[in-house]
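Number of protein chains: 4
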Amino acid sequence: MADSSKPPTKGARTRATILRHAAESFRRDGYDDTTVASIAQKIGISEGTVFQHFGSKSGLLGAVMDEFYAELHATALDIAGSPGDAEQRFRNLIDAWALRAERDWDLIRVFTQRARYGTDPELDARWKEHNRRYTRLHFDLIEQLQAQGVLKDQVPPALIRDIVFGAIEHIALGQDLSPHMEIREKANQVVDVLVAHHAGQPPIDGRLERIERKLDAALGRGDGSVKVMPEGRTGDGSAAERA
Amino acid sequence: MADSSKPPTKGARTRATILRHAAESFRRDGYDDTTVASIAQKIGISEGTVFQHFGSKSGLLGAVMDEFYAELHATALDIAGSPGDAEQRFRNLIDAWALRAERDWDLIRVFTQRARYGTDPELDARWKEHNRRYTRLHFDLIEQLQAQGVLKDQVPPALIRDIVFGAIEHIALGQDLSPHMEIREKANQVVDVLVAHHAGQPPIDGRLERIERKLDAALGRGDGSVKVMPEGRTGDGSAAERA
Amino acid sequence: MADSSKPPTKGARTRATILRHAAESFRRDGYDDTTVASIAQKIGISEGTVFQHFGSKSGLLGAVMDEFYAELHATALDIAGSPGDAEQRFRNLIDAWALRAERDWDLIRVFTQRARYGTDPELDARWKEHNRRYTRLHFDLIEQLQAQGVLKDQVPPALIRDIVFGAIEHIALGQDLSPHMEIREKANQVVDVLVAHHAGQPPIDGRLERIERKLDAALGRGDGSVKVMPEGRTGDGSAAERA
Amino acid sequence: MADSSKPPTKGARTRATILRHAAESFRRDGYDDTTVASIAQKIGISEGTVFQHFGSKSGLLGAVMDEFYAELHATALDIAGSPGDAEQRFRNLIDAWALRAERDWDLIRVFTQRARYGTDPELDARWKEHNRRYTRLHFDLIEQLQAQGVLKDQVPPALIRDIVFGAIEHIALGQDLSPHMEIREKANQVVDVLVAHHAGQPPIDGRLERIERKLDAALGRGDGSVKVMPEGRTGDGSAAERA
DNA sequence: CATGAATGAGAATTCATTCAT
DNA sequence: GATGAATGAATTCTCATTCAT
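Chains as they are written, first to last, in this note's numbering: chain B, 519 to 761; chain P, 519 to 761; chain H, 519 to 761; chain Y, 519 to 761.
Structure, rendered in structure tokens:
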């Protein structure tokens with residue numbers, strides 16, 4: 519998608535300029551209240567030029583979408599390919615999306631309205647394609663995490679994806695227009711809910727601590743054995759029982 | 519919600535007819551591709567009449583929305599007020615919504631596109647109001663369930679709501695146009711994910727209680743720390759044990 | 519087509535006004551150089567009103583065409599139904615068309631260009647229907663005349679129609695823009711060509727008569743051989759004569 | 519007409535290619551629905567190139583027309599210059615045109631619509647010039663045939679031309695889109711109608727013969743003054759009679 | 001010769017909406 | 001309550017055409 523050759527044709531530069539201004543306008547005014555004329559005028563080119571490059575207004579939105587997802591996907595690829603903890607990479611992936619939603623929700627909102635909730639099949643198909651590619655990265659990680667027991671493995675990966683993305687969207691939508699959205703934070707919480715060892719354990723943890731303290735008190739001991747549940751639904755406790 | 523007066527004025531009947539056809543048209547063609555003229559024509563009335571009754575096209579959509587939510591809320595009220603298990607009532611509530619989504623997604627889609635993703639503040643406000651009223655029922659139950667330990671209580675109720683509804687929407691959107699949508703089934707799975715005793719804890723809980731009781735007994739104490747999960751299907755095992 | 523009820527609705531009056539001005543504009547500027555805007559403006563109505571009444575620009579042309587043919591057909595019906603000589607009625611019919619072509623060729627030219635030579639199937643169908651109805655009158659007379667021997671009966675009626683109308687069109691086209699077109703005269707000649715006893719004979723006939731009379735006088739004879747060709751191919755008599 | 523120089527310049531080849539595709543497109547889609555862009559694209563050249571060669575879209579149509587008439591005229595010249603019967607040559611000429619109409623009516627239709635019924639004076643002038651040159655051949659033959667008595671000589675040659683071509687056009691137009699058009703056959707019938715000895719003259723002939731016989735008898739002579747219609751299938755009888 | 005980019009001037013529509021009757 | 005007529009503003013999109021390179 520990025521042309522690595524140095525000299526951008528005049529056409530390519532025009533194209534990029536249009537794209538930039540179009541995105542801005544869609545963000546600010548929404549799709550319906552953006553007119554091709556206004557974009558062209560602001561750039562100082564002819565209206566026809568826009569149509570020559572993008573064919574139609576919705577084609578223009580499509581191109582803006584392409585660019586958005588190209589960038590998003592590149593970032594996501596970096597994260598997914600980074601070394602280290604699968605869970606962390608998954609969290610980073612989600613966080614990257616949440617960050618994006620925080621920063622550019624107005625644009626995402628337009629994509630969503632026109633492509634997914636709209637009636638333009640072409641645009642919808644285009645969005646779906648982007649999404650498939652993008653979500654595949656998550657999918658892979660989800661499966662890995664399920665294998666590791668970090669994510670519950672009886673939940674279909676697609677459902678986990680729906681929960682994460684659906685919830686984030688709902689959250690973003692709820693905070694409509696607020697300047698300081700806390701989407702990232704909430705997105706993180708959503709992941710917490712799904713990650714097994716976080717999944718409501720705190721209370722258990724609390725109780726475990728209490729119990730441990732009682733035990734310690736009763737037995738006169740005091741070590742750090744409480745970080746039980748390293749992987750999730752561990753039969754571990756049974757070991758204690760057995761004892 | 520239901521007009522208890524018996525003789526529906528001629529005007530009222532016209533109004534109802536318009537509403538019915540408008541809903542149908544919105545469902546089938548979406549908002550933009552529905553014209554007031556086409557609705558009027560199909561009914562055989564004048565375009566002006568529609569405006570007489572609803573003021574504007576978006577007012578008409580608003581009215582369709584009102585009707586939809588009136589019915590939805592009535593159903594929800596019934597469920598919420600039904601006797602029995604809070605969890606079951608919660609599940610029924612969610613299921614009712616999922617059922618609705620399965621049956622009438624095309625209409626919900628229009629509401630969402632125009633009210634939530636759209637730029638009409640009035641319509642959005644109207645939707646928000648309906649949603650608030652509707653979601654309150656869930657909210658209450660969520661809080662109850664958290665108190666009962668069925669739902670993790672460290673997760674803010676609003677987040678749980680966002681997860682449930684967001685996920686369902688995502689699912690519905692994904693199954694676009696498919697005749698046999700499995701929204702209900704998936705919605706149920708979403709709830710499962712959120713309900714604590716499915717989250718891997720049950721075994722732990724049972725053990726914890728046992729352990730704590732034993733300890734208390736051993737230590738000669740008897741506080742109420744165990745009142746956790748009064749409804750949870752977990753206490754059971756312990757009861758058997760106690761016996 | 520003509521509404522016999524007296525009070526023309528306001529709508530009907532508007533419609534008629536549009537029609538009148540549209541015809542004028544099509545005549546003067548042709549189809550392409552006529553804009554709906556200019557028509558509306560000249561009348562002092564909104565552009566939208568024109569579209570409300572006629573749906574589209576080509577629908578407007580269609581309506582103009584309808585009116586043209588309605589009038590034409592009415593006239594033709596009168597002529598066809600008038601008492602007297604079939605040949606005369608046929609000639610009058612053709613003459614009426616030629617007169618029309620002389621007076622309103624600019625409009626007919628537009629019909630022809632758009633409906634018959636154009637690419638709008640709807641318009642073409644509309645024209646064809648009018649033409650069918652109109653030409654049927656000629657057809658009937660042609661058949662009658664063939665039965666009477668006035669028109670050669672070995673020529674298919676449709677061909678006679680094609681010759682007459684085709685030739686007139688060709689003539690009209692050739693005299694393009696000339697103010698004093700002699701279409702009627704030429705149309706008459708075309709019919710002469712087709713009518714057997716006129717088929718070029720008149721001048722010859724005159725001479726022949728003269729010659730024959732002189733000869734008879736010179737030879738001292740005096741039979742009735744001059745009533746030649748009262749109906750058509752009368753040469754027969756000569757056989758009798760010979761005898 | 520044909521470029522006798524052997525090595526066609528690259529430019530010339532491009533020109534020819536454009537011409538060929540343009541003709542094809544005009545035929546298939548008509549003038550309005552043909553875009554210069556589509557032609558260029560199909561050939562794989564730039565839009566500008568087309569304008570380089572033909573100056574304008576209507577210039578392109580003009581060039582296509584030139585080519586068409588060049589070929590047509592060449593054929594016609596051959597026929598007109600062929601040895602033998604004038605009537606036969608006339609018939610062949612008409613037949614060649616009818617054949618052309620059968621084969622390439624879609625293109626002729628475009629010429630007619632744009633040049634003769636259209637509003638482009640330049641194109642019309644161009645067409646008229648071609649037509650003049652082409653029709654002159656017919657004209658000459660018509661006059662010859664009239665002198666020979668094959669065609670009625672009191673009918674102006676121009677009218678005969680209008681009848682023939684007008685009728686053929688009408689016929690072609692009527693058979694719209696039909697795959698097996700019988701234009702040639704009908705065109706032949708049209709000529710039959712015009713050729714004297716078919717046109718009801720036999721009776722006149724009969725009388726002329728009679729008269730001549732009377733004269734001969736009266737004057738005691740017996741020359742070949744009957745040389746009228748040397749080609750006509752009629753003179754014969756008289757010869758036989760004379761014998 | 002050829003090109004690719006830019007243009008620009010419409011022009012036809014569409015439709016929600018108003019209002020007198 | 002209902003209607004029919006009129007509105008009118010706003011917008012997308014089309015394409016032949018030009019021109020610098």
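In this text, a Cβ means the ideal position worked out from N, Cα and C, and glycines have one as well.
By the neighbour-count definition (other C-beta atoms within 10 Å, threshold 16), residue 555 (chain P) is an exposed residue. For the pair residue 665 (chain H) and residue 650 (chain Y), the Cα-to-Cα distance works out to about 39 Å. When C-beta distances to chain H are compared with 7 Å, the residues of the stretch 653-681 of chain Y below that value are 670, 672, 673, 677, 680 and 681, in chain order. Ranked by Cα distance from residue 693 (chain H), the first of H:531, H:623, H:563 and H:589 is H:623. Going by DSSP, residue 712 (chain H) is part of the alpha helix (DSSP H) stretching over 701-712. Chain Y has no Cβ within less than 8 Å of the Cβ of residue 527 (chain H).
Sequence-distant Cβ neighbours of residue 669 (chain P) in its own chain, meaning closer than 7 Å and more than five residues away, are 660, 663, 678, 712, 713 and 714.
Residue 586 (chain B) is outside the set of residues whose beta carbon lies under 8 Å from a beta carbon in chain P.
Using a Cβ distance threshold of 8 Å, residue 617 (chain B) and residue 656 (chain B) do not count as a contacting pair. Residue 584 (chain B) and residue 539 (chain B) have their C-alpha atoms some 15 Å from each other.
Within its own chain, the residues whose Cβ lies closer than 7 Å to the Cβ of residue 590 (chain B), once the five positions on either side in sequence are excluded, are 618 and 652, listed in chain order.
The shortest CA-to-CA distance from residue 632 (chain Y) to any of Y:702, Y:597 and Y:577 is the one to Y:577.
Nearest C-alpha to residue 706 (chain B) among B:630, B:563 and B:614: B:614. Pairing residue 568 (chain B) with residue 533 (chain B), the inter-Cα distance amounts to about 8 Å. Residue pairing for residue 669 (chain P): DSSP places it in a beta bridge opposite P:713. Sixteen is the threshold: since fewer than 16 other Cβ atoms of the shown chains lie within 10 Å of the Cβ of residue 531 (chain P), the residue is exposed. Remark: C-beta atoms of residue 702 (chain Y) and residue 620 (chain Y) approach each other more closely than 8 Å. One alpha carbon belongs to residue 640 (chain Y), the other to residue 646 (chain Y), and they sit about 10 Å apart. A straight-line Cα-Cα distance of about 10 Å links residue 682 (chain H) and residue 676 (chain H). With respect to chain H, the C-beta atom of residue 687 (chain Y) has a partner C-beta closer than 8 Å.
Annotation: residue 577 (chain P) has no Cβ neighbours in chain B at a cutoff of 8 Å; minimum Cβ distance is about 18 Å. For residue 553 (chain B), the three-state secondary structure derived from DSSP is coil.
Of the candidates P:673, P:708, P:535 and P:671, P:708 places its Cα closest to the Cα of residue 685 (chain P).
Inter-residue distance for residue 630 (chain H) and residue 689 (chain H) is about 14 Å (C-alpha atoms, whole angstroms).
In this structure, residue 562 (chain P) lies away from residue 628 (chain P), with their beta-carbon atoms at least 8 Å apart. Between residue 654 (chain B) and residue 691 (chain P), the beta carbon gap of about 18 Å keeps them out of contact (Cβ cut-off 8 Å). Annotated as distal: residue 544 (chain Y) and residue 595 (chain Y), with beta-carbon spacing of 8 Å or more. In the DSSP annotation of this structure, the continuous segment of the alpha helix (DSSP H) that includes residue 618 (chain P) starts and ends at 604-629. Ranking Y:636, Y:643 and Y:710 by CA distance to the CA of residue 671 (chain H) puts Y:710 first. Separation of the CB atoms of residue 581 (chain P) and residue 537 (chain P) is rounded to 6 Å, and the pair is thereby assigned contact status at 8 Å. Listed by position along chain P, the residues whose Cβ is nearer than 9 Å to that of residue 683 (chain B) are 684, 685 and 688.
For residue 546 (chain P), the uninterrupted alpha helix (DSSP H) segment begins and ends at 528-547. A residue is called buried once 16 or more other Cβ atoms fall within 10 Å of its Cβ, and residue 643 (chain P), having fewer, is exposed.
Not a single CB atom of chain B sits nearer than 8 Å to the CB of residue 624 (chain P).
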